[in-house]
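Working notes for the structure below.
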Amino acid sequence: MSIDHIRFEERPPSPEDFVRLRAECGWGEIGLETARKALGGSIFDLTCFDGTELIGFGRVVGDGALYFYLQDVIVRPSYRGRSIGRQIVSRLTEAALARAEIGATIGLMSAKGKEELYRRSGFQERPTENLGAGMTRFVLT
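Reminder that position 93 of the sequence shown reads as 94 in the numbering used here, one-by-one numbering, no gaps.
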């Protein structure tokens with residue numbers, strides 16, 4: 002499958018498309034109001050389309066000065082393995098760097114098995130000799 006006709010746009014997807022893409026990729030189902038709130042909290046959004054079909058997405062969240070987090074980096078399964086995810090990560094990282102003050106942190110939480118995608122973009126795994134483990138707390142109810 003050629004990706005010559007793939008286009009990236011610096012905007013959020015519609016809440017409906019976001020909900021649909023998450024569900025298709027096994028990320029669970031969320032309501033439209035939750036999608037609206039989540040998308041409204043972004044500093045920078047990047048959507049990827051094949052024609053009018055949303056096939057990839059990622060966003061940057063944070064305070065816009067010192068802390069930036071790559072969030073919701075997702076590519077439709079039938080389009081994986083074509084460097085779309087790498088392009089999304091690269092463009093999101095560039096957007097964060099363009100806004101970052103000296104001393105800023107750009108972070109993320111990788112899905113299991115996707116660490117190499119982020120390593121290639123300059124991210125390092127934790128823990129290291131000087132940095133503790135990244136941690137997560139999920140809200141399930």
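Note that the Cβ used here is the ideal one computed from N, Cα and C, for glycine as well.
Distance from A101 to F69 at the Cβ level is roughly 6 Å; contact confirmed, criterion being Cβ atoms closer than 8 Å. Note on the segment 36–91: there is no whole alpha helix (DSSP H) run with a minimum of 4 residues. Linking V74 to Y119 through their CA atoms gives a straight-line distance of about 11 Å. Along the segment 104–141, the alpha helix (DSSP H) occurs as fully enclosed runs of 4 or more residues at 116–120, listed in sequence order. It is roughly 23 Å from the alpha-carbon of L109 to the alpha-carbon of R21. About 18 Å separates the beta carbon of S91 from that of V62, a gap too long to meet the 8 Å contact definition. Note that the segment 44–61 touches the segment 15–29; at least 3 beta-carbon pairs, one per stretch, sit closer than 8 Å.
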